[in-house]
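So in my numbering, spot 10 of the sequence shown is number 19, and the numbers just go up one at a time.
Each residue gets a CB set at the ideal place from its N, CA and C atoms; glycine is no exception.
These numbers were taken from a predicted model, which means no experiment stands behind them.
All remarks here apply to the structure that follows.
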Amino acid sequence: MNNKEFIATLSNQTDYSQEETQQLVKTVLAGMVNTFDTGDSLLISGFGTFEVKKRVERVMVNPATGQKMLIPPKLVLGFRPAASIKERLRYGGNE
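What follows is the structure, given as structure tokens:
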């Protein structure tokens with residue numbers, strides 16, 4: 010499902026126009042990004058937890074040349090689904 014399909018489905022379920030739904034989704038996502046910018050985790054009950062993790066600096070070897078390269082540290086976004094989501098996926102999405 011792409012963004013346009015998601016907005017249309019959500020709009021039909023909530024009786025908001027597609028423009029209003031699009032704005033609501035943009036607002037929620039902007040709030041999430043602001044939370045990640047500060048380095049905080051975001052827990053959405055019944056869905057899961059988003060957290061910013063720091064990957065440490067490491068040495069990598071290019072398999073083609075054998076040359077060693079230093080990979081600098083960086084921040085990555087991780088997601089841990091809630092137990093209920095994991096359970097649903099384990100059984101093919103059916104409860």
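**Proximity winner among N43, R67, Q31 and S26, relative to N12 (alpha-carbon distances)** = Counted from its first residue, the sequence shown places residue 12 at position 3. Ranking the options by Cα distance to N12, first place goes to Q31.
**Request:** Mind checking who M78 pairs with in its DSSP beta bridge?
**Result:** For this step, residue 78 is matched to residue 69 along the sequence shown. In DSSP, M78 forms a bridge with M69.
**Asked** Where do the ends of the alpha helix (DSSP H) carrying F45 lie?
**Response** Position 36 of the sequence shown holds residue 45. First-last of the alpha helix (DSSP H) with F45: Q27 to D46.
**Message:** Quick check on this structure: which residue in T47, G40 and E29 has the alpha carbon closest to the alpha carbon of I53?
**Reply:** Along the sequence shown, read from residue 1 onward, the residue named residue 53 stands at position 44. Nearest option by C-alpha distance: G40.
**Asked** By how many angstroms is the C-alpha of F88 removed from the C-alpha of K95?
**Response** As a first step, residue 95 is located in the sequence shown; it is residue number 86 there, counting from the start. As a first step, residue 88 is located in the sequence shown; it is residue number 79 there, counting from the start. Cα to Cα, the separation comes out at about 12 Å.
**Prompt:** So which of A17, E28 and G55 has the shortest CA-CA distance to S93?
**Reply:** The residue given as residue 93 occupies position 84 in the sequence shown. Nearest C-alpha to S93: G55.
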